[in-house]
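These notes are about the structure you will find just below.
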Amino acid sequence: MRLIKLERKRKGSLVISTRGVCILAALAIVTGCGGNSPSKPGWSASTATPLTSQAYALGTARADHEAILLPNGEVFVVGGLDSQGQVLASTEFVSETGVRSGPTMALPRVGHSLTLLADGMILIAGGLNASNGEPTDTTELYDPKLNEVREGPALRQARAFHTAFFVGEDLILAGGQGTSAVGPAGEARQVALLNTLERFPEGVRVSELMSLSLGTPQSHLTGIAISPIQFVFVGGETLQGPAPAVFYDGTAMVPLAGLAPRAGSAIANDNDTPIVIGGESAGVLRDDLEVFDGFAFQAQALGLHPRRDAIARVTSAGIVIVGGTDALGATEVVELVFPGQVAQLPPITVARRAHSFTLGAYRQLGFVIGGFDGEGVPTNSIEFVQIPALDFGDRSFNGTPTTTNPNAGTLEASLDAKSLAGLLRAASGADCKAKKGHKAKKGHKAKTGSTKVRLPAAATARLLIAIADAPEPTQAQLLAMPAKPKPAELIDRLTDTLTRLGVQDAKKIATETRAQLVGLCAIKFPGSSLKKFLKHYKGKSHPAKSLLIARYRLFKGLEATTASNPLNTIVANGIKTDLRGLENGSLKVSEALPRVRTALQATAPEPKDPRATNAFTILGKVLEYTAPAGNAANPALTAATPGFAP
């Protein structure tokens, strides 16, 4: 069982058993509970890039730690147990390029929770206290801006191995191991489990006990919100075995039917759909999963690798499952699960359990960190898993169809038509304000003011990246372009492109943008002909020539976008994360842009062009529109955006 059992052996020693892993803490040496898991035959690398074992490692070997992705793209690794069984107060930061040490907590912790708060702070709550092996009611707050840890608000109850999750704007902590009951002299203390819930209301740093009860006291549970007022608890364990799943329907906590008793299951949350994977029932390791359909759990027999204590994360390609414990001990098996199918991915090089598996920005890379190896010893190894670049379209585990276009109706930044025109002008490299010789024609005045249109940010990114990547035209290509094409032609192309990208009201957006774009078409050239003009200014600059080149690149960008698929869902999910961060003020454009650049570099249309950097800057502008007041724009971005006038 995964439950924490405390047993006094001798003075100065404490045995802690968790998730099937035996750790002799305090003064004793760590001993293993299982052997190495041999390599499994038949693993195919056809669906993914092989896993990469990094040349660098953690500064401290650790297992049973917690890890969370920070807004800057680093993974924050906190606490756990070291190779001597000591509970750790140290923290570390892991990125794609290396490891650096972090601030030290006031209290060593294991069995704590990490939560990213709306203000960008990380709440480190509860856990076992190293001094006496008992749960603590203390919390600490990590401030990424100051890179320091300070005292946080006290919990209403001491708890460890609990769950912490958001329901709407409220943070809820539930269940876990409570303070041990003291038995008669000479007898081991009895572990006390909790059935209570407490919450931190939105923006409030004082928790309150809730009137709700889990019914069955349990630890190692996972809470998942399925609506702003409804949530599910799964995967918990009691002193006798797996705990029943329970559902808060908005009025009362009720039992959930269908979920078979299982311990050590991996829990995934796929778009607010709880999925319970693997685990152990009656001493038998399971190879199936169960999906919550809104009312009950439905089993799906897929022939997964039988194991428990694995970690599952949802990616755009499906659910990736890493490590855990199989019949031979810690395992190196990695699998990808999507509806009705399971794919075998390259195994990790170090078999491990009680590790962490954290998805990086845009869920393209997974950080597999630490854990107990096949000998039961905490490891300091770090491995990267490249998430397969697969998109299965209408992917749904609960039978509910998903939208055909992953960008439609999900990632929305509010832009007025004039602002969109400014983005297009900047992406095409033209300062296209009305100047003598290329004024907007009368009657084409744009609608401005309070008029707003909804434009998916991911679709905008695809459009702008295509425009920015359009190559410089040759003299022959420029001559082939009409000197004065009809503005309607450009508007039609824009409408068609936006429609194919799943943008609502595409015709309205394009029409209202007409006056801002018409300058790219109404160009008067000095000289008797376009051919003589281009010949005269070959290798030289001229405003009219710049506009002509910009118009060509805009047309080519629209063509490339129309012909391309929508933005990859992995990138879309990452942009959505950044939008949320900007909306709640925890992330600034200057922080989001480097990650956006990294993600889009892998998805930009070919041939790639250094000018794509312009599109990254423009995307930063798109994101900036969703930022709350006071989240000032980065002056460097504004300066780097030619012709942009918000």
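The sequence shown lines up with residues 294 to 939 when you count with my numbering. Glycine included, each C-beta is placed from N, C-alpha and C at the ideal position.
From the options, residue whose alpha carbon lies closest to that of residue i
i    : options                : result
G557 : T531, P548, D542, A545 : T531
G366 : Q657, P537, G653       : G653
V392 : F369, L409, L381       : F369
E359 : Q377, V387, V643       : V387
D412 : L597, I517, A518, L464 : L464
L549 : G534, L658, P567       : P567
T618 : L486, D602, P766       : D602
T792 : G663, R755, Y349, K824 : R755
G516 : Q533, L490, I641       : L490
A485 : V626, L466, Q511       : Q511
A354 : E385, I361, P364       : E385
E668 : T624, I415, L487, I614 : T624
G543 : A518, A536, L362       : A518
A644 : G659, L658, L621       : L621
G352 : S383, Q377, G426, V569 : S383
G445 : A605, V627, I614, M398 : M398
Proximal residues to residue i (C-beta, below 6 Å), its chain only, five neighbours per side dropped
i    : result
G722 : A843
T806 : A710, L713, A714
F540 : V525, V547, L549
R443 : L434
L466 : H455, A457, E491
P521 : G461
G611 : L629, V630, F631
Residue i versus residue j: straight-line alpha-carbon distance, rounded
i    : j    : result
M503 : V497 : 15 Å
F954 : L841 : Outside the modelled stretch of the chain, which goes from 294 to 939, sits residue 954, for which no answer is possible.
L448 : L434 : 13 Å
P749 : A356 : 41 Å
G395 : G372 : 11 Å
K801 : D586 : 39 Å
E389 : F677 : 8 Å
Q379 : M546 : 38 Å
R600 : G461 : 33 Å
E441 : K833 : 54 Å
R786 : K825 : 29 Å
T790 : L912 : 17 Å
G468 : V527 : 11 Å
I662 : A350 : 9 Å
L374 : E501 : 30 Å
Q637 : A561 : 18 Å
L830 : P836 : Reading off the sequence shown, one finds Tyr at residue 830, where the question assumed Leu. Going by the C-alpha atoms only, they are around 11 Å apart.
A553 : S506 : 22 Å
A761 : P364 : 27 Å
M414 : S649 : 20 Å
Y845 : K838 : 11 Å
L847 : A592 : 51 Å
First and last residue of the uninterrupted beta strand (DSSP E) at residue i
i    : result
Q679 : 675-679
Q470 : 470-474
Y435 : 432-436
F524 : 524-527
P567 : 567-570
L400 : L400 -> no beta strand (DSSP E), and no H or E assigned at all.
Residue i classed as buried or exposed, judged by whether at least 16 other C-beta atoms fall within 10 angstroms
i    : result
T854 : buried
P671 : buried
V499 : exposed
S674 : buried
F660 : buried
L409 : buried
F263 : There is simply no residue 263 to check, as the chain begins at 294 and stops at 939 in what is shown.
E765 : exposed
L439 : exposed
A536 : buried
V577 : exposed
7 Å CB neighbourhood of residue i in its chain, flanking five on each side removed
i    : result
T429 : L400, G419, G420, N422, A451
A575 : none
Residue i: first and last residue of the uninterrupted alpha helix (DSSP H) it sits in
i    : result
F590 : Note, F590: premise wrong, no alpha helix (DSSP H); beta strand (DSSP E) at 590-594.
Q768 : 768-773
D789 : 780-793
I842 : 836-856
S406 : From DSSP, S406 is part of no alpha helix (DSSP H) but of the beta strand (DSSP E) over 406-409.
F826 : 823-829
R718 : 710-721
E495 : That residue, E495, is in no alpha helix (DSSP H); it is neither H nor E in DSSP.
E385 : Element bounds for E385: not the alpha helix (DSSP H) but the beta strand (DSSP E), 384-387.
Same chain, Cβ closer than 8 Å to residue i, neighbours up to 5 away in sequence not counted
i    : result
L595 : D580, D581, L582, V630, G633, Q634, V635
Heavy atom of the ligand GDP within 6 Å of residue i beta-carbon
i    : result
L549 : With respect to the ligand GDP, the structure offers nothing, as it holds no ligand at all.
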